[in-house]
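Each residue of the sequence shown is one higher than the one before, counting from 289 in this note's numbering. Using N, Cα and C, we set each Cβ at its ideal position, and we do this for glycine too.
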Amino acid sequence: MKVRNLLLAALFAAPAIADTPATAITVDPLANEPALSAKRLSGSLTVGYETNYTGRGYVLSHSVAQGDSVLYAAAKFNYDIGKRSKLWSLGHTIAYHVPTSGHTLYGGIKAGANRVPLSAVRPGAPAGVYLPEGTVLKRPNIENQFTLITEAKYTRENWNVAFGHSFVHGGLLGVMAKHYRNQGASVVNEVFIAPEWTPRSMPWLSAGVKTSLSFQGIQGWWFEPYITGKFPLNPNVKPATEGSVLGVVTLAMSATADYFADPYNACGNGSQAFWIKLSTPWFVKDNFILTPSVSFNWLGKGGIDANRRSHAKHLSGNPNNIPFKNFGVVFGISATYTF
């Protein structure tokens with residue numbers, strides 16, 4: 289409870305923190321633009337493909353989504369309202385993820401040869417009555433994921449902080465809300481705060497942590513700390529211009545607190561996943577970027593608990609009916625147009 293109160297205080301204290309004096313004064317090139325100006329609006333459109341369905345560092349198992357890969361599209365908009373010596377911006381993201389193989393978790397959970405009692409699917413059924421092997425117990429689904437993120441961001445010379453709201457329908461979080469917590473709807477609402485710091489002596493490095501509080505669908509905390517390094521792979525070309533290529537390395541993890549509860553036989557709290565992601569954004573044009581990537585993902589203690597306690601595995605007797613891969617290699621490719 290103390291941790292929760294402290295983080296809630298940090299969420300609402302963010303505007304006050306933003307007034308801390310900086311050691312250097314920067315000038316926003318849009319400072320002289322009127323408050324309503326097309327020049328203050330920027331954004332990007334992205335489409336992509338990944339060889340595995342992932343979420344919060346988890347790599348979903350083959351049996352969960354009746355396959356592996358996922359297609360996605362995202363639109364991001366940013367409105368700069370900065371003034372001299374400080375920079376505020378408002379952001380909005382709309383994203384859609386589609387599993388390419390199927391939507392029925394585990395292909396439908398069927399009773400195995402391990403004598404499943406009728407009471408497992410019909411509470412109050414008489415003891416000693418068992419379901420025949422092959423009986424369909426449940427057909428849980430994983431829906432296409434629709435995400436809306438709205439945030440405000442404050443930027444200084446070598447740090448920034450974003451805070452806002454995230455709405456998720458479907459996907460992995462939707463499964464957790466609908467099937468882990470029996471909420472009846474695949475909806476999760478969160479608020480978040482995400483500070484990031486770049487050392488003055490190492491402008492190629494950034495470190496941060498996104499802290500999310502889920503308050504609908506599932507209640508609890510997500511923590512996602514990360515460190516990212518960016519390096520020009522062709523230093524003779526100006527970064528972020530036509531022909532330039534970056535090497536990007538990200539080390540990250542995810543963890544939860546007060547998120548999963550034992551009665552739902554789901555993940556344990558604590559570390560959920562660890563991953564290393566390598567990507568090489570290639571600026572084909574100043575405003576068109578192709579980004580191949582590869583990510584190496586390991587389960588943390590909470591994810592391992594989910595596989596060990598999998599309700600579907602025990603009812604069906606099928607050891608493959610686990611939610612996550614203990615280790616996964618995920619390849620991806622995306623195309624982004626910026627404006």
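- Burial check for ARG344: the Cβ neighbour count within 10 Å reaches 16 or more, so the residue is buried.
- Residue burial annotation: ASN614 is exposed, with fewer than 16 other C-beta atoms found within 10 angstroms of its C-beta.
- The C-beta distance from VAL617 to VAL572 rounds to 26 Å, too long to fall under 8 Å, and the pair is not in contact.
- The segment 381 to 390 makes contact with the segment 428 to 439: 3 or more CB pairs, one atom from each, lie closer than 8 Å.
- CA-to-CA, the gap between LEU393 and ARG427 works out to about 7 Å.
- Rounded to the nearest whole angstrom, the CA to CA distance from VAL352 to LYS526 is 44 Å.
- Taking a 10 Å sphere around the C-beta of ALA554, we find 16 or more other C-beta atoms and assign the residue as buried.
- If one requires a minimum length of 4 residues, the alpha helix (DSSP H) runs lying completely within the segment 515 to 601 are 589 to 596, in chain order.
- Assignment of ALA495 by DSSP, reduced to helix, strand and coil, places it in the strand class.
- If you compare the alpha carbons of LEU378, GLU512 and ASN446 with that of PRO487, the shortest gap goes to ASN446.
- Contact between the segment 477 to 494 and the segment 522 to 536 is absent: fewer than three C-beta pairs spanning the two stretches fall below 8 Å.
- Judged by their CB atoms, GLY396 and LEU318 are not nearer to each other than the 8 Å cut-off.
- For the options THR529, VAL537 and ILE506, the alpha carbon positioned closest to that of SER494 is the one of VAL537.
- Residue state for LEU318 is assigned as coil, using DSSP reduced to three classes.
- Bridge partners of ASP356 according to DSSP: none are assigned.
- The shortest C-alpha to C-alpha distance from PRO611 to any of SER598, GLY620, LEU603 and VAL479 is the one to SER598.
- Closest in alpha carbon position to THR499, among ILE621, TRP492, GLU478 and GLY517, is GLU478.
- Take VAL456, set aside five residues on each side of it, and the residues of its chain with a beta-carbon closer than 6 Å to its own are THR435 and VAL476, in chain order.
- Residue environment for LYS327: exposed (fewer than 16 other C-beta atoms within 10 angstroms of its C-beta).
- The beta-carbon distance between ILE430 and PRO387, rounded to whole angstroms, is 6 Å. This is short enough to meet the 8 Å contact definition.
- Exposed is the label assigned to ASN522, since fewer than 16 other Cβ atoms lie within 10 Å of its Cβ.
- Restricted to the segment 326 to 394, the beta strand (DSSP E) segments that are unbroken, complete and at least 3 residues in length are 329 to 338, 358 to 368 and 375 to 387, listed in chain order.
- CA-to-CA, the gap between GLY591 and ASN320 works out to about 51 Å.
- Going by C-alpha positions, HIS391 is about 16 Å away from LYS398.
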